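Protein chains in written order, with our numbering: chain Z, 113 to 374; chain Y, 1282 to 1747; chain U, 138 to 318.
Virtual Cβ for every residue (Gly too), placed ideally from N, Cα, C.
All of these numbers come straight from a predicted model, not from anything done at the bench.
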């Protein structure tokens, strides 16, 4: 594995998130590999479990807070926390401050950590200041087939849709095609997908319809929930569109794609 | 149970392809126009902040502003009434109609009058009520309810409207909307000629001057408020703005957010009934301020919902609304704002399913001209009045507790992984076990978890390094 | 450069007329700039094109008595009002930002003359054009407002049916604005 120097680069705590851990381990490995290739010292504290998001959205703020407050001790000496999932990053960056208002010591440490918690693409662009150009990679338009981008709605507040899309598509090779309503929610929404399955399905149908019309053969999708939803719909319909996290595509481009895992 | 009804109605709506086509086309079109109109503003963010802060100022001191507006209204000769409940409001309007001998009412579009079901009360009292806004007129002809806050027949395509006109007015089927508009115009002109009562809502009421502000496009509002001798305004108490200058902020935002226009065709500032010497105008103007739960909402954590200026922008971007339409909600106010407002206005209405029917995608929050953080309010409701059923709650609590332990997390992960992988073929599950069965009952498969998780792979990698 | 060769300075007022005209045209108002001396001719042109059955505000006749040759009908019955084809009214102001004219109800200004007839002709003095809504609202005295102030910003319209725009609904379907001066 091409590595960075053992010293010097930022120390990054990797927050894999339960969906990536369970369903998309290769995405996690790819993201970690890219971070290391870019000079970060990546640590993965095994004590991490779930950030608390499903409980926050279910209306159980105490449970969500309890899980969030585990984080400062899990990531004691990192410069940054990086997550391949925007929804988990946004819970920590944007919502933790509403949940943690008692001013306790551990709450303060969490809020400080929140300021150093990043979604993967935002980290590359805004903290490492890395772009394909800065790495000497040309914005090639050849490569495998048509490619498009789906904006995970929980990135709202972290990265706006247009800049998220252009940042990601800059990294990938292939002819870019437009996806209608690319920033419209795919209908996952966590437990919503099983509590309101009919509405979830209707939203998925619209997303798949737009995807079909785009002619894309690869969909850049940087969120585990969206990937489960859209990927699940594509498989049921028998449509062979590849769904990839931009971390996987960057890893492939940099030659650090993980050999193992799915 | 109402909760099952919402789910059933929503599910049925998702199968109505004609409805969904109409909704997608209309809402994406209006939103595109809104974006363009917002982009034209020099600093829309500053304007939104201003609007939110003006509304918060009023809501923070509502009694004082209500007193001020009452004084201003009475000073210009308007009669002011306060209705604590919906029933009181309808009683007041019926009494006014009776006292002033009104038999035929021309009505402008008003969601507040829908809220109190005013038409039924007036009809029962022998007053004929005719809706004059085209969309509302069609709704009335069809015997339905509006399905959107600003575009009442967004759920109907042209063919459906033509069918209604044929059935109720004898207008031959047509695919030219102008023919239908002309037919409505003819029918309603006759009403304007004869009506003795005009009923409208109010978009804003200016406290310092006692001005009732109404915005419309069709001209019907001007007829209703100028020709008949009696004009009744129904306004929620949250419609107040402090000064005329404050009004500019809202006039800049409302039409742009609702229809993408810089301003609506008709913007009326009505300050009292006709003055002595005026050539025409209503002899009496009554303003009925409606509480009906608003002051109770003011005291909750969700009070910011009262900033709402009823532009409908949130409906136009909501993927849930686009999929099911307004009627499925079963409430006067549908869409994102309705999901918060309806359960708050009707705490006993068993509307707990509504705040849960959202992915919290934040599309609504991005377009609200008064910066109501609707997703935050939805979560707040989920934590208070729209809680999960007790058993589900306890189940989630138990899960949250388990997740505090890495060992339990890994154990659970492996158990779930094993269970799912056993049901999988080629990495996919087409029939998921409890509690995930609804996933695969919809048109999607469930990806099977790979045999090794990220932490397995990481441990292998780290082990390989040593 | 001597005075004759200096390029004409466009006053802020000219710019406002320009902005108002452009924005009003965008919303379907037909705007004409009219030197006061040409008012009668311009109104006659419009009337010839749009047809007879004219009602006219007393306030318009007071300010522009020459228009009496077009119409003297300042007071009509309800029946006559609904038969009228064209109303001539005077705006007390205009707003360039939104392309609107401000119609104020009063003794010689019936509300109905700009509501009921399908065509309305609005006269407005060029010096009464405000730059934007804020300026206009600031110019009002909250203790002394007309009972009806209408900001009219185009012919009546609806897109209720399948989002297809139709102009000429209940209110006037044709709006002419003559900017005087």
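Helix, strand or coil for residue i? Go by DSSP, reduced to three states.
| i | result |
| --- | --- |
| residue 141/Z | helix |
| residue 1373/Y | helix |
| residue 1715/Y | coil |
| residue 1614/Y | coil |
| residue 326/Z | helix |
| residue 304/U | strand |
| residue 1545/Y | coil |
| residue 197/Z | coil |
| residue 1476/Y | coil |
| residue 333/Z | strand |
| residue 1707/Y | coil |
| residue 261/Z | strand |
| residue 118/Z | Bear in mind that a pLDDT of 49 at residue 118/Z, under 50, signals an unreliable position, so the number given afterwards is only what the model happens to contain. Correct three-state label for residue 118/Z: coil. |
| residue 1436/Y | coil |
| residue 278/Z | helix |
| residue 1585/Y | helix |
| residue 158/Z | coil |
| residue 164/U | coil |
| residue 192/Z | strand |
| residue 129/Z | coil |
What residue range does the alpha helix (DSSP H) around residue i cover?
| i | result |
| --- | --- |
| residue 1445/Y | 1439–1450 |
| residue 1308/Y | 1298–1321 |
| residue 1507/Y | 1501–1507 |
| residue 305/Z | 304–307 |
| residue 239/U | Here residue 239/U belongs to no alpha helix (DSSP H); instead the beta strand (DSSP E) covers 237–241. |
| residue 247/Z | Note, residue 247/Z: premise wrong, no alpha helix (DSSP H); not H, not E. |
| residue 1675/Y | 1671–1683 |
| residue 167/Z | 165–170 |
| residue 280/U | Taken as a continuous stretch (DSSP letters only), residue 280/U belongs to no alpha helix (DSSP H), as it is neither H nor E. |
Can you name, in chain order, every residue of its own chain whose Cβ lies under 6 Å from the Cβ of residue i, other than the five neighbours on each side?
| i | result |
| --- | --- |
| residue 1602/Y | 1596, 1616 |
| residue 354/Z | 330 |
| residue 1360/Y | 1567 |
| residue 140/U | Any reading at residue 140/U must be qualified, since the residue scores a pLDDT of 43, below 50, and its modelled position is unreliable; no value is offered. |
Suppose the cutoff is 8 Å on Cβ atoms and the five residues either side in sequence are ignored; what does the same chain contact list for residue i look like?
| i | result |
| --- | --- |
| residue 131/Z | 197, 336, 337, 340 |
| residue 253/U | 218, 219, 221, 224 |
| residue 175/U | none |
| residue 1576/Y | 1343, 1518 |
In this structure, what does DSSP give as the bridge partners for residue i?
| i | result |
| --- | --- |
| residue 1487/Y | 1492/Y, 1522/Y |
| residue 193/U | 225/U |
| residue 1364/Y | 1571/Y |
| residue 1566/Y | 1512/Y |
| residue 1388/Y | 1412/Y, 1480/Y |
| residue 1497/Y | 1547/Y |
| residue 262/U | 317/U |
| residue 285/U | 1551/Y |
| residue 1598/Y | None, per the DSSP bridge assignment. |
| residue 218/Z | Residue 218/Z pairs with nothing; no bridge assigned. |
Between which two residues does the beta strand (DSSP E) carrying residue i extend?
| i | result |
| --- | --- |
| residue 230/U | 230–232 |
| residue 229/Z | 229–231 |
| residue 356/Z | 354–356 |
| residue 125/Z | 123–126 |
| residue 167/U | 167–171 |
Leaving aside the five residues before and after residue i along the sequence, list all residues of the same chain whose C-beta is less than 7 Å from its C-beta, in chain order.
| i | result |
| --- | --- |
| residue 143/Z | 196, 232, 359 |
| residue 221/Z | 184 |
| residue 139/Z | 132, 196, 357, 359, 360 |
| residue 1350/Y | 1486, 1488, 1491, 1521 |
Chain C beta carbons: is any one of them nearer than 8 Å to that of residue i?
| i | result |
| --- | --- |
| residue 247/U | No chain C is part of this structure, whose protein chains are labelled Z, Y and U. |
Does the distance between the C-beta of residue i and the nearest non-hydrogen atom of the ligand NAD fall short of 7 Å?
| i | result |
| --- | --- |
| residue 157/Z | In the structure on display, the ligand NAD does not appear, and there are no ligands present to speak of. |
(Q) Does the contact criterion of 3 or more C-beta pairs under 8 Å hold for the region 1466–1479 of chain Y versus the region 1524–1543 of chain Y? (A) no
Q.
Pairs of beta-carbons, one from the region 1426–1446 of chain Y and one from the region 1603–1615 of chain Y, closer than 8 Å: are there three or more?
A. yes
Q. Does the region 264–284 of chain U touch the region 1731–1746 of chain Y, meaning 3 or more C-beta pairs lie closer than 8 Å?
A. no
Q) Touch check for the region 1479–1490 of chain Y and the region 1306–1323 of chain Y: three-plus C-beta pairs under 8 Å? A) Flag = no, the region 1479–1490 of chain Y and the region 1306–1323 of chain Y do not touch.
Q.
Under 8 Å, with one C-beta from each stretch per pair, do the region 288–297 of chain U and the region 1539–1558 of chain Y reach the 3-pair mark?
A. yes
Q. Counting pairs of Cβ atoms below 8 Å between the region 164–182 of chain U and the region 304–316 of chain U, do you hit three or more?
A. Contact holds: three or more Cβ-Cβ distances are below 8 Å.
(Q) Quick test of the definition: if touching needs 3 or more C-beta pairs under 8 Å, does the region 1404–1421 of chain Y touch the region 1492–1501 of chain Y? (A) Short answer: they touch.
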